[in-house]
Every structure is written in C-alpha cells, then in structure tokens.
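In my numbering, the protein residues as written are 719 to 855. Even for Gly, the Cβ is constructed at its ideal location relative to N, Cα and C. This structure is a prediction, so every number in the text was calculated from the model and none was measured. Below is one structure, written out as structure tokens, with a few remarks after it.
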Ligand code: HEC
C-alpha cells in the first residue's frame, strides 16, 4: 500500500519538474517585436507553426498540436520560450520540432549545419506575439 503512495508522489514530483522546465529571456528579448513575430508564425516556409496550431489572430491553423488560445494563462513567458526552443526538454517523445537547438540532429544539409531554425531574435519575436495575442480579456 505504502509503495503505491510513494509511486504517486514520485509521479507528481516528476510532472511538476517537467512543467517547470523553462528558458530565461535572451538578450534579444529587449528588441522583441510583435509584428515580426506574427509574420514568422504565419510563415509556412520559415516556421510552419500554423501547420500544427490554431493561433489567436490568425485565420490559418492546423490541429496536429494544441490550440495556442489562452496560452499566457497556462504558462509563463519562460515556459513558452523553452517549448518553442526545444520541447524535448519537457517531453523527449514530442514531434514538435526544436526551433532553437541543434542538439541531436543528423544528416543536416551542409549550409545548415550548426544553425537553428529560428534566430534568437525570431524566437523572442514569436514569444512576444504569443504573449500579446493571448493575454486574455
Ligand atoms: C509538426 C507539428 C508542430 C509544429 C510545426 C509546431 N508545433 Fe508546437 N506543438 C506541437 C505539439 C504536438 C505540441 C504538444 C507537445 C507535446 O505534448 O509533445 C505542441 C506544443 C506547443 C506549445 C505549448 C502549447 C500548450 O498549450 O501546451 C507551444 C507554445 C507551441 N507548440 C508553439 C509552437 C510554435 C511557436 C511553433 C512554430 C515556431 C510550433 N509550435 C510548431 C506540434 C507542432
């Protein structure tokens, strides 16, 4: 009986840890721009976010990932930043691409080696748009 409780407690602790994984602002946060973030989010070429997500303020949107409505009420800016940079830190099995990491990539085309999908500025611009668009009533 007791071991069942220990097990549940461990699971809760592991879950709390996962939710808390977050990435502090980079130096580009100071120059983040909501409008540039909107353009990046909507671009199928540069990010493809709208292939998988419905995003407030955008007509286009897919449903392979969760809707981003109300996002800023569910998580902090640092948690949002971490999830876009590299979701694998939260869920190693995720199929959302890591947009600001080169960890574990193989067989990358030569000109792209060592490059992240988003620049640091692009990451901050997207975080700024998502915070702004989901800040609630
Ligand atoms: C191939 C599909 C796909 C693409 C492309 C994608 N995502 Fe995701 N995203 C997901 C999935 C799936 C999840 C849920 C993560 C999980 O549980 O593994 C997710 C979760 C998220 C979350 C957390 C939402 C929540 O409420 O928990 C945010 C924020 C997010 N994505 C932002 C983005 C942004 C910004 C982009 C583009 C830069 C993007 N995603 C591109 C599939 C995708």
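| Query | Result |
| --- | --- |
| Cβ-heavy atom distance between residue 844 and the ligand HEC below 7 Å? | yes |
| For the alpha helix (DSSP H) that residue 773 lies in, which residues bound it at each end? | Taken as a continuous stretch (DSSP letters only), residue 773 belongs to no alpha helix (DSSP H), as it is neither H nor E. |
| On the CB-based measure, 16 or more other CB atoms within 10 Å of its CB, does residue 778 come out buried or exposed? | exposed |
| Would you say residue 755 and residue 844 are within 8 Å of each other, going by their C-beta atoms? | yes |
| Tell me whether residue 840 sits in a helix, a strand or coil according to DSSP, three-state version. | helix |
| Please report the Cβ distance between residue 802 and residue 818, rounded to the nearest whole angstrom; I am assuming they are in contact, meaning their Cβ atoms lie under 8 Å. | 7 Å |
| For residue 772, I'd like the list of residues in its chain whose CB is within less than 6 Å of its CB, leaving aside the five on either flank, ordered along the chain. | 779, 785 |
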